[in-house]
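Novice: What follows is a single structure, and I will ask about it in a moment.
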Amino acid sequence: MTSTRDAGKLWAVITAYLLLSITVAIATYQLSLRSGLDRLSQSGAVILEQSADRLIAQLESYREMTDLMSRHPQVAALIEGRSISAHTSEFLLRTALTTGAKELHVLDASGSVLASSTYEDPLNTIDKNWASRADIIAARSRRMGVFHSAADNGQRSYYFARSVLRDDGKPQGYVVVKVNMDELEAEWRIDETVVTFFDTAGVSFVSNRLALALRYDAALAIAPPDTFGYATEWLFPIPDHKKSRSGRHDIWTFTAQSEMPDNALVVSQDVPLIDMTARAFVDAQPAFSNARLLAALTAALLSLFGLGVAIFVQSRARMADQLRIEADLNIELEARVAKRNAQLQQAQDNLVQASKLTALGQMSAGISHELNQPLSAIQNYAANAKKLMERGREPEAHDNLTLISEQTQRMGRIIHNLRGFARKETEPLEKVNVADVLTASLSLAAQRAKSEGVEVIVDAVPDAWVDAGQVRLQQVIVNLLSNAMDAMADTPVKQIETTLSLHRGQVQLVVSDTGPGLADIERAFEPFYTTKEIGASKGLGLGLSISYGIIGSFGGLLSVENLETGGAAFTITLPALSTQEAAQ
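Shown next, in the form of structure tokens:
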């Protein structure tokens with residue numbers, strides 16, 4: 001009984017899955033077809049727009065020729081009686097042969113033809129009256145008149161008419177230019193997509209397929225065919241077809257062999273400039289084929305998935321045994337993983353401790369390097385104070401003690417700034433005159449420069465205001481001066497030149513020396529890179545790296561170059577404050 005119930009449930013599941021698969025395959029077909037038709041519709045719209053632009057451009061030259069002929073002296077002479085019909089007709093014939101126009105005509109004010117390029121033809125148009133034709137009626141109101149029609153032999157023609165005006169602005173005659181549409185379409189025949197232009201009578205007047213010319217579609221007709229003088233024996237219906245819709249798209253299926261695709265997506269567009277409706281018959285077969293293929297692939301995938309599920313259900317009992325075996329193996333594996341995790345945790349703790357020691361060493365090295373200068377100054381001031389006290393010059397000794405106190409405070413500020421820099425803290429910026437900071441920095445380095453015989457040349461503007469930290473900027477300048485004196489330890493000429501200038505909205509401070517320059521200038525600002533003796537008290541390789549970071553925190557740049565005359569030049573570039581900003 002249980003087995004029967006399970007079998008019933010299995011068949012119910014199979015039936016439900018089959019229905020779901022069919023529904024998904026149909027939905028896939030519809031979505032794919034709609035997407036493909038959307039792409040074809042967009043392509044057809046582009047083709048229609050290009051075809052309309054091409055047709056209008058071809059007709060535009062004849063429109064311009066009509067304007068030109070309406071102002072030609074020969075035409076005016078005929079209408080005003082100063083020339084004869086034969087001379088003007090010959091002139092019109094030569095013009096038609098030159099321009100490619102089918103025919104040219106000159107009419108009088110009543111609409112009768114006075115001269116024509118067809119004067120040599122047995123069936124010429126001279127003395128015919130066209131006053132009731134649409135193009136002449138439009139030209140009579142001084143507009144460009146247009147008209148199209150098909151002759152008894154099925155030849156399609158497009159007409160432009162323009163009035164010839166008297167001095168008082170009233171029409172005294174008309175010029176008519178006739179264009180042969182068969183010749184105009186000749187270069188269109190290679191187009192892949194079928195394009196036709198239907199007029200208000202529902203007649204395909206222009207097409208890139210000759211067999212579709214003068215085809216009649218009653219659905220587009222809003223005017224009778226005789227409006228354009230069509231001969232009914234030359235009008236044929238559109239090839240037999242069945243209409244259907246797919247979403248918002250019109251699909252025409254043609255039942256017989258014709259110029260049309262078997263399944264055509266019809267895209268329409270109005271062309272007001274020529275008062276016609278353009279239609280593109282885009283081959284929709286690729287969209288149908290792709291939709292069927294995608295639906296078949298979806299059905300195949302669903303079938304494979306269903307087969308896989310069936311195989312899984314049948315092998316469920318066998319897999320239960322395998323799962324028990326795998327459970328035992330997993331227990332053993334979890335124990336091994338736990339052991340390895342403990343080992344990895346221990347290794348990670350060791351790495352963290354090593355990172356802490358590295359950071360502590362880097363901080364200690366940076367502090368010892370940056371505090372070296374104020375410590376040297378304190379030592380010098382203390383020695384001087386001792387000598388002054390021995391000589392009984394207590395006031396001057398008191399001044400040196402005051403300087404020692406200031407250097408101690410400066411050391412505190414240096415430690416604070418280094419700690420903030422290491423933690424990437426943002427120190428508050430203030431308006432700083434770089435000239436004053438340079439003067440203070442030079443005073444700190446003056447004693448060492450004097451003792452080592454270094455000549456310091458200063459060329460500085462008096463006011464150069466920037467947003468910076470005064471103490472940190474002084475650290476950088478003093479560090480550059482100290483490095484310069486270190487570099488010139490073994491050179492015969494010891495000279496440091498500092499130049500402070502304003503240039504294009506920026507403050508530039510250049511510190512150059514006459515030392516040997518940098519051997520590997522690309523690594524100048526790398527941490528722990530130094531050209532000094534390894535193990536030397538001043539050779540930790542952190543000063544330039546810290547200085548580079550300090551100047552960057554001000555929104556500036558610290559750069560270096562080797563001079564052609566020897567030595568290196570370090571340049572500090574900072575955005576300058578305007579006079580108004582510095583005064584605020």
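For the sequence shown, the positions run 1 to 584 when full-length UniProt numbering is used.
For each residue, glycine too, the CB sits at the ideal point set by N, CA and C.
Bridge partners for I572 per DSSP, in chain order?
Specialist: For the purposes of this step, residue 572 is taken as residue 572 along the sequence shown, with counting starting at 1. I572 is bridged to L509 and L558.
Novice: Would G505 pass as a contact of A568 if the rule is Cβ separation under 8 Å?
Specialist: Position 505 of the sequence shown, counted from the first residue, corresponds to residue 505. Position 568 of the sequence shown, counted from the first residue, corresponds to residue 568. No; because the gap between Cβ atoms is not below 8 Å, this pair is not in contact.
Novice: Around the C-beta of G247, are 16 or more other C-beta atoms found within 10 angstroms, so that it is buried, or is it exposed?
Specialist: Numbered from 1 along the sequence shown, position 247 holds the residue referred to as residue 247. With fewer than 16 Cβ atoms within 10 Å of its Cβ, G247 is classed as exposed.
Novice: Please report the distance separating the alpha-carbon of L19 from that of H249.
Specialist: For the purposes of this step, residue 19 is taken as the residue at position 19 of the sequence shown. For the purposes of this step, residue 249 is taken as the residue at position 249 of the sequence shown. Their backbone Cα atoms lie some 28 Å apart in a straight line.
Novice: With distance defined between alpha-carbon atoms, name the residue in F525, A219, N208 and P224 nearest to E259.
Specialist: Position 259 of the sequence shown, counted from the start, is the residue given in the question as residue 259. Closest by alpha carbon: N208.
Novice: Please say whether A218 and G229 have beta carbons closer to each other than 8 Å?
Specialist: Numbered from 1 along the sequence shown, position 229 holds the residue referred to as residue 229. Numbered from 1 along the sequence shown, position 218 holds the residue referred to as residue 218. Result no, Cβ atoms of G229 and A218 do not sit closer than 8 Å.
Novice: What did DSSP end up calling Y174 once you bin it into helix, strand or coil?
Specialist: Against the sequence shown, residue 174 aligns to sequence position 174. Note: Y174 maps to strand in three-state DSSP.
Novice: Along the beta strand (DSSP E) that carries L481, what are the first and last residues, could you check?
Specialist: In the sequence shown, residue 481 corresponds to position 481, counting from 1. Not the beta strand (DSSP E): L481 falls in the alpha helix (DSSP H), residues Q470 to A487.
Novice: I need the boundaries of the beta strand (DSSP E) containing residue 659, first residue and last residue.
Specialist: Residue numbering for the chain in the displayed model covers 1 to 584; residue 659 lies beyond these limits and cannot be assessed.
Novice: Would you call the CB atoms of P261 and D283 closer than 8 Å?
Specialist: Counting from 1 along the sequence shown, the entry for residue 261 is found at position 261. Counting from 1 along the sequence shown, the entry for residue 283 is found at position 283. It is a contact, given that the beta carbons lie within the stated cut-off.
Novice: With distances taken Cα to Cα, identify the nearest neighbour of S545 among R523, E564 and G556.
Specialist: Taking the sequence shown and counting its residues from 1, one reaches residue 545 at position 545. Comparing Cα positions, the closest option is R523.
Novice: Return helix, strand or coil for G366, following the three-state DSSP convention.
Specialist: Locating residue 366 in the sequence shown gives position 366, where the first residue counts as 1. The pLDDT assigned to G366 is 43, lower than 50, so where the model puts this residue is not dependable, and the model offers no usable value.
Novice: Return the chain-ordered list of same chain residues with a C-beta closer than 6 Å to the C-beta of I378, the five sequence neighbours on each side being excluded.
Specialist: Position 378 of the sequence shown, counting from 1, holds the residue named residue 378. Excluding positions up to five away in sequence, the list reads I404 and Q407.
Novice: How far does the beta strand (DSSP E) with residue 593 in it extend, from its first residue to its last?
Specialist: Nothing in the structure corresponds to residue 593, since the chain is present only between 1 and 584.
Novice: Looking at S163 and Y174, is the spacing between their C-beta atoms short of 8 Å?
Specialist: Along the sequence shown, read from residue 1 onward, the residue named residue 174 stands at position 174. Along the sequence shown, read from residue 1 onward, the residue named residue 163 stands at position 163. Yes, the Cβ-Cβ distance between Y174 and S163 is below 8 Å.
Novice: Would you call the CB atoms of A256 and P237 closer than 8 Å?
Specialist: In the sequence shown, counting from the first residue as 1, residue 256 sits at position 256. In the sequence shown, counting from the first residue as 1, residue 237 sits at position 237. No, these two residues do not count as a Cβ contact at 8 Å.
Novice: Between A449 and the rest of its own chain, which residues show a CB-CB distance below 6 Å, the 5 nearest in sequence each way excluded?
Specialist: Here residue 449 refers to the residue found at position 449 of the sequence shown. Cβ neighbours of A449 beyond the five flanking positions: V456.
Novice: Taking only the alpha-carbon atoms, compute the straight-line gap between K243 and I79 and give it to the nearest angstrom.
Specialist: Within the sequence shown, numbered from 1, the residue matching residue 243 stands at position 243. Within the sequence shown, numbered from 1, the residue matching residue 79 stands at position 79. So the two alpha carbons sit approximately 54 Å from each other.
Novice: Is it a yes or a no for the stretch 467 to 483 touching the stretch 561 to 576, going by three-plus beta-carbon pairs under 8 Å?
Specialist: Result yes; three or more Cβ-Cβ pairs closer than 8 Å.
Novice: Please return the same chain residues whose Cβ sits closer than 6 Å to the Cβ of E396, not counting the five positions on each side in sequence.
Specialist: As a first step, residue 396 is located in the sequence shown; it is residue number 396 there, counting from the start. Taken in chain order, the residues that qualify are L388.
Novice: Does the beta-carbon distance from V75 to V106 come in below 8 Å?
Specialist: Here residue 75 refers to the residue found at position 75 of the sequence shown. Here residue 106 refers to the residue found at position 106 of the sequence shown. Yes; because the gap between Cβ atoms is below 8 Å, this pair is in contact.
Novice: So what's P492 in DSSP terms, helix, strand or just coil?
Specialist: Looking up residue 492 in the sequence shown gives position 492. Coil.
Novice: Which stretch, first to last residue, makes up the alpha helix (DSSP H) that contains H87?
Specialist: Here the question's residue 87 lines up with position 87 in the sequence shown. Residues S85 to T99.
Novice: On the criterion of 16 or more Cβ atoms from any shown chain inside 10 Å, does R391 qualify as buried, or is it exposed?
Specialist: Along the sequence shown, one-based indexing puts residue 391 at 391. Per the 10 Å Cβ criterion, exposed.
Novice: Taking the beta strand (DSSP E) that E259 falls in, what are its first and last residues?
Specialist: Taking the first residue of the sequence shown as 1, we reach residue 259 at position 259. E259 -> no beta strand (DSSP E), and no H or E assigned at all.
Novice: Per DSSP, which one or two residues make a beta bridge with E455?
Specialist: Numbered from its first residue, the sequence shown carries residue 455 at position 455. Answer is Q495.
Novice: P239 bridges to which residues according to DSSP?
Specialist: By one-based count along the sequence shown, residue 239 stands at place 239. None; P239 has no bridge partner.
Novice: Going by C-alpha to C-alpha distance, which of I550, L33 and Y381 sits closest to A295?
Specialist: Position 295 of the sequence shown, counted from the first residue, corresponds to residue 295. Considering only alpha carbons, the answer is L33.
Novice: Relative to the alpha-carbon of G100, which residue among S70, S89, L59 and W130 has its alpha-carbon at the smallest distance?
Specialist: Numbered from 1 along the sequence shown, position 100 holds the residue referred to as residue 100. Answer by Cα proximity: L59.
Novice: Output yes or no for whether 8 Å exceeds the beta carbon distance between M488 and V454.
Specialist: The residue labelled residue 488 in the question sits at position 488 within the sequence shown. The residue labelled residue 454 in the question sits at position 454 within the sequence shown. Yes; because the gap between Cβ atoms is below 8 Å, this pair is in contact.
Novice: If you draw a straight line from the C-alpha of I169 to the C-alpha of S141, how long is it?
Specialist: Counting from 1 along the sequence shown, the entry for residue 169 is found at position 169. Counting from 1 along the sequence shown, the entry for residue 141 is found at position 141. Reading the sequence as shown, one finds Gly at residue 169 and not Ile. Approximately 11 Å, taken between the alpha carbons.
Novice: Within this structure, are the beta carbons of V478 and L444 separated by less than 8 Å?
Specialist: To locate residue 478, count along the sequence shown from 1; it is residue 478. To locate residue 444, count along the sequence shown from 1; it is residue 444. Cβ atoms of V478 and L444: closer than 8 Å.
Novice: By the 10 Å Cβ neighbour count, where 16 or more other Cβ atoms means buried, how is P73 classified, buried or exposed?
Specialist: Taking the sequence shown and counting its residues from 1, one reaches residue 73 at position 73. When all chains shown are included, P73 counts as exposed.
Novice: Rank H241, F198 and E90 by C-alpha distance to the C-alpha of L220 and give the top, closest one.
Specialist: Mapped onto the sequence shown, residue 220 falls at position 220. Closest option to L220, Cα to Cα, is F198.
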